[in-house]
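Worksheet: the structure to be examined is printed underneath.
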Amino acid sequence: MEKIYNELKDIVGAEFVSNQPEELFIYSRDMGTMLPAAPDFVVMPDSTEEVQKIVLLANREGVPVVPMGGGLVLSGLTRALKGGMVMDLKRMNRILEVNETSRYALVEAGTSQGILQAYLKRHHPGLKHSIPDAPPIATVGGNVLIHGSGHLSQIGGFHSEMLNGMEAVLPTGEIVKTGSCSASPYWFSRAPLPDLSGLFIGWAGTTGIVTKLSIKLFPAHPYNDARVFITGDIELIADVLHRLTGTQLTEDITAGVSCIIGRVQIFPMVIINYGADTKEELTWKRNLIRASVKKYIDDKTGGFAPLPPASRADLLKAPNPQPTQVADEKKGGGFEYVGSIMPIELFAGAYNIGVEISKKFGIDNLMAARIIGGHCMMFSYTYTFNRAIDADVDLARNALHETNNAVLKLGGIPWKAEAPAQKEIIKHMDPNTFQLMNRLRSVLDPKGIMNPGNWEVG
Amino acid sequence: MKHEELLHRCFRCGWCKLPVNFMDINCPSYLKYRFETYSPGGRLWLLRAWLTGDLDASDRFKEVLFSCATCKNCVEACGIPGIKDHLVDMIIAAREEIVNTGKLPPSIRNYLTEIYNRGNPFKKPQSERGDWAKGLDVPVYNGQEYLFYAGDVGSFDESGIKMTRAVASLFLNAGISFGILGENETSDGNDVNALGEKALSEHLAVNNIDQFTKRGIARIITLSPHAFNAMKNAYPLLGGKFEVYHYTQMLNKIIKDKLPLGSFKARVTYHDPCYLGRWNGVYLEPRNILQSVPGLDYMEMGRNMNSALCCGGGGGNYFSDMLGSGQDSSARRRVREAEEYGAEVVAVACPICKKMLEDAVKDEGLENQMRVMDVAQIVIEAKRKQA
Ligand SMILES: Cc1cc2nc3c(=O)[nH]c(=O)nc-3n(C[C@H](O)[C@H](O)[C@H](O)COP(=O)(O)OP(=O)(O)OC[C@H]3O[C@@H](n4cnc5c(N)ncnc54)[C@H](O)[C@@H]3O)c2cc1C
Ligand code: SF4
Ligand code: SF4
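Quick mapping for you: the protein sequence lines, in order, are chains A and B.
First residue of the first sequence: 897, per this note's numbering; consecutive thereafter.
First residue of the second sequence: 502, per this note's numbering; consecutive thereafter.
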């Protein structure tokens, strides 16, 4: 261990590697409900070359490497389940290029969402990226690689779909490029080449370390608005979403309903965000959005809620701080959610699961969905807990586990799933698919050093 | 520990690492060290682990604890409204616990010992405290309208002294009725309090309150935002109720009528001191002064007002130097930011910021293109042109 520690020091400098109890304590846990798992070291490289040297060392010594961005995934994916090192990538946070005309940004993987947003506002005010509602220190790399979604997911789908290509260090130390940048100086798309980017997306850091990535940018409109559609009938929501997404005029659509220990408290709300270059265009879009759900307004089963200016301003915030504030719901500093990806048509079914689990566990369940394009949604079940009370954390963990299973039964798939939920997904997975995953992994990572304990059966 | 009941409510979500405008990392200790442990949330989680017995108060733990600059960026940016106002209070409360164990990091122990023994941390005799005023004709306080309080750095540090003299000359020039305490002045206790030495900070405060009261002082102008903060916010809790101004507030009042100015031709930006800005909401007065100077080309850095990056000298770090060195020390990052925005002069309003940024300009090799000047020095230069 001492030898590895010294070599790490040689690579990144003594101040950026630690085996001290303080770092091992913090890096062994995230803010969710998964139990701590301590690394032996924490290391913070500053360049692709340093990442490569660390990986070569880890490979030679058979030491696990757990890549970490913001560490905000909540489901414990950056814990060192089998020891080894957590590689905190946030020193690699350079914004390398913004291509105005072809609308993309090339960044190092540890670049924070918030810093990229501020940079674009300052230097390229006509452009923006799709920011998630995660705390703004979340990294672009971490978010894209887990198939995140955000404020432009109506336009561009999952953030992984907004990826143009990347540079990655393989578990065996080679530096590879995927997408157009592998054959051109421009980082403009993944087409028309074999799509190797998929080797790193959704894998929870088990296939390599992404060091740079190019993501799509979109017009930042000067005029922006939000509307809230309300209906008392949960069964209607899927069709409302179908109609709204069909307009292809919006930037973001989310739907929310909370359930306080089995009791549904508020009408489901659908929040619609859209932007325009002129006031006239904004009005035009507003009218068309309204027209798409006119049927429900006419038969009085739904309607748009009046929005006071302060509420409208809150709804236009990106990232929205409210999801973070949920952590203080019980004055307890904690929540975790099952984010499940599922088709829009399952909205009511997904909701019913949430109510049942809330009743069964006697736990509040805040449900929300972000609609991805016109095709599917990330339906989330959020359970808050008081971090200072072990039994409360256990309750949330159990409710999460049961929710993961119920989601799978319904036909959805848990997103950024905890290690135990990954095992449940594997149970539902076509065996040949899982076999292919394993074959790819054994080719890429013959020594099994990358974030071991994830996407495994045992 | 005070505020212990709030510790577990930190979600460790990290909003506090960035300023409210997200422009760059804005917690000085996280910026320098980069481990999660040195971020505001990491620090709070470590504190909790220490209180629950999961961690010892090791040297590293103390470094984490004492490297907080008490800059309040986290207070401004925290994602949890229910705890944000108390974040720095929690850190100070934990420092208090460590102080009570008597096992302090050496640099902090030395600082506190010097203050205890001599009334200042510069290892200088009190008799030299008023020497900064030599040759200036500054009267000793004797019933004038204002006490001008120079403070430790303004009295003993070479760069601080220049600033104190600049402010005093402007006040003299404008005919402000003021006096100083000279060798009878003692430390204000602000940074002693930030370091968790509550008993000593209260002792200093009570002494000052006593002295001010005995001398019939009702109005105080401070050079340093740190003293301003102590006298404005802490002294009243101990019975010391004075009208307290930071010198930029006073200068702002008189600049138009009493100080005719020539021009000062340079591109100038302003660096907000934490104890003036985030701690006390004084943002506009210094800007107003600068913008009143003819010829001065004023511009803001991206991180300004409540998003300003601390110089790294607050919370006792000016003396303990836990944040001073290295490429990513916040002072160096701050002057690089000023450079990026094309500033020729970084205007400051705090003697600690002044020294920290001056050193950073040297470390960055920017001496030929950038000057750090306090607001009063800029006004003086403009006045000279007028004369
Ligand atoms: C309050 C709150 C709101 C949220 N809202 C949203 C939302 O609106 N949309 C959304 O998508 N998510 C959301 N999230 C979930 C999550 O925080 C984000 O997706 C976040 O962007 C994850 O990024 P990260 O940098 O924290 O990743 P991490 O948690 O650090 O990592 C995620 C996974 O990717 C791997 N990884 C990270 N970086 C690399 C790399 N460079 N190479 C290889 N593997 C890597 C890690 O090993 C891990 O398996 C939210 C979370 C919170 C706490
Ligand atoms: S201090 Fe506030 S913003 Fe920072 S991690 Fe804790 S809760 Fe989040
Ligand atoms: S007060 Fe400043 S230095 Fe201290 S934790 Fe908060 S942001 Fe960091």
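All C-beta atoms in this analysis are idealised placements derived from N, C-alpha and C, irrespective of residue type, glycine included.
In the three-state scheme derived from DSSP, where H, G and I count as helix and E and B as strand, valine 1124/A is classed as strand. If you ignore the 5 residues before and after glycine 1269/A, its C-beta comes within less than 6 Å of the C-beta of Gly1053, all in its own chain and listed in chain order. Going by C-alpha positions, arginine 1123/A is about 20 Å away from isoleucine 1240/A.
Remark: three or more beta-carbon pairs, one from each stretch, lie closer than 8 Å, so the segment 724-736 of chain B and the segment 694-711 of chain B are flagged as touching. The beta carbon of alanine 934/A does not come within 8 Å of any beta carbon belonging to chain B, so the residue lies off that interface. Residue pairing from DSSP places arginine 872/B in a beta bridge opposite Val846/B.
Taken from the Cβ of lysine 1312/A, every heavy atom of ligand 2 lies 7 Å or farther away. When the Cα atoms are used, isoleucine 1105/A and tyrosine 1000/A turn out to be separated by approximately 21 Å.
The beta carbon of arginine 1139/A sits closer than 7 Å to the beta carbons of Ser1188, Val1189 from its chain, once the five residues preceding and following it are set aside; these are given in chain order. In terms of CA proximity to valine 880/B, Val668/B leads the group Val668/B, Gln712/B, Lys533/B. For a Cβ distance threshold of 7 Å, nothing in chain B lies close to glutamate 946/A: the least Cβ distance comes to about 13 Å.
In terms of side-chain proximity, the C-beta atom of cysteine 812/B is found no nearer than 7 Å to any non-hydrogen atom of ligand 3.
For phenylalanine 523/B, the nearest CB of chain A lies under 8 Å from its own CB, placing it at the interface with that chain. DSSP, read as helix, strand or coil, puts leucine 824/B in coil.
Using a Cβ-Cβ cut-off of 8 Å, glutamate 537/B counts as an interface residue toward chain A, since at least one Cβ of chain A sits closer than that to its own. The beta strand (DSSP E) runs lying completely inside the segment 599-669 of chain B and spanning 3 residues or more are 647-650, given in chain order. Between the segment 561-580 of chain B and the segment 811-824 of chain B there are three or more inter-stretch CB-CB distances shorter than 8 Å, so the stretches are counted as touching.
Inter-residue distance for asparagine 1282/A and valine 1289/A is about 7 Å (C-alpha atoms, whole angstroms). Residues of chain B whose Cβ lies closer than 9 Å to the Cβ of tyrosine 1247/A do not exist, since the nearest Cβ in that chain is about 26 Å away.
Those residues that have a beta carbon less than 5 Å away from any non-hydrogen atom of ligand 2 are, in order along the chain, Cys511/B, Phe512/B, Arg513/B, Cys514/B, Trp516/B, Cys517/B, Pro541/B, Gly542/B, Cys579/B, Gly580/B, Ile581/B. Per DSSP, lysine 518/B is not a residue of any alpha helix (DSSP H), being assigned neither H nor E. Alanine 1034/A has its alpha-carbon roughly 14 Å from the corresponding atom of proline 1219/A. Spatial neighbours of leucine 648/B in its own chain (CB-CB distance under 6 Å, excluding positions within 5 residues in sequence) are listed in chain order as Tyr642, Ile718, Ile721. Look at lysine 1024/A here: in three-state DSSP terms it is strand.
Boundaries of the alpha helix (DSSP H) around glycine 1052/A: 1049-1052.
Assignment of alpha helix (DSSP H) within the segment 747-779 of chain B, counting only whole runs of 4 or more residues, yields 748-759 in chain order. The beta carbon of asparagine 1060/A is closer than 7 Å to those of Tyr1000, Gly1075, Ser1076, Trp1083, Phe1084, Ser1085, Arg1086, Ser1110, Ile1111, Lys1112 in its chain, skipping five residues each way along the sequence. Straight-line measurement puts the Cα of lysine 884/B at about 52 Å from the Cα of tryptophan 546/B. Residues are counted here when their Cβ sits less than 8 Å from a Cβ of chain A; for the segment 544-570 of chain B these are Trp546, Leu547, Ala550, Asp555, Leu556, Asp557, Ser559, Arg561, Phe562, Val565, given in chain order. In the three-state scheme derived from DSSP, where H, G and I count as helix and E and B as strand, asparagine 915/A is classed as coil. When 7 Å is used as the limit between beta carbons, arginine 513/B is near these residues of chain A: Met927, in chain order.
In the DSSP secondary-structure assignment, tyrosine 1119/A is bridged to Ala1172/A. Residue contact check for isoleucine 1253/A against chain B: no CB pair falls below 8 Å. As summarised for the segment 1226-1252 of chain A, the continuous beta strand (DSSP E) elements at least 3 residues long and confined to that stretch are 1229-1239, given in chain order. When secondary structure is reduced to three states using DSSP, isoleucine 922/A falls in the helix class. The distance from the Cβ of serine 1254/A to that of proline 1310/A is about 18 Å, inconsistent with a contact at the 8 Å cut-off.
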